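My numbering puts the first residue of the sequence shown at -13, with every later residue one more than the last.
We put the CB at the ideal spot given by N, CA and C, even for glycine.
Values in this document were obtained by computation on a predicted structure and should not be read as measured data.
What follows is a short report on a single structure.
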Amino acid sequence: MNYLLLISAGLAIGLHIFIFYLETLAWTSPLTRRIFGLTEQESIQTRVMAANQGVYNLLFAGIALSGVVLYLFGQTHTGLILVIAGCGSMTLAALYLFLSSDKKGAATKQLVFPLIATITACILLS
-13 MNYLLLISAG
-3 LAIGLHIFIF
7 YLETLAWTSP
17 LTRRIFGLTE
27 QESIQTRVMA
37 ANQGVYNLLF
47 AGIALSGVVL
57 YLFGQTHTGL
67 ILVIAGCGSM
77 TLAALYLFLS
87 SDKKGAATKQ
97 LVFPLIATIT
107 ACILLS
């Protein structure tokens, strides 16, 4: 159960740091435009909004990462709560994307690992 938590949380954290990079640092690059299906003009027009979203993704990752670190250093209760807060936020954001857009594939990719981590942390906390 511990490994499942650490692997799923780690993958969720890594993915959200990568999304931060795309949305904040590389939004107008050809790779990012291709991933998000944007024209150059659309990426320029939405740069500030995307960067704001990217910061949220980084914050979710940071909360979950601090939970993993605390968990590994023996602060299991606090660590699990932070993993739930960070990965739970990622899960809710992915569910919103899934339900409110046609981006089901992207939403599913963003949903799976944080959902597993959140459920695992809740089980370990109980």
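>> Cutting at 8 Å between CB atoms, please list the residues of its own chain near residue 84, excluding the five before and the five after it.
In response: 90, 93, 94 and 97
>> Could you tell me the alpha carbon to alpha carbon distance between residue 41 and residue 24, rounded to whole angstroms?
In response: 20 Å
> With distances taken between CB atoms, is the gap from residue 70 to residue 12 smaller than 8 Å?
Replying inline: no
> Measuring CB to CB, does residue -2 end up less than 8 Å from residue 50?
Replying inline: yes
>> Short of 7 Å in beta carbon distance, which residues of its chain neighbour residue 33, apart from the five on each side in sequence? Order them along the chain.
In response: 13 and 14
>> Using 8 Å as the threshold, is the C-beta distance between residue 56 and residue 68 below it?
In response: yes
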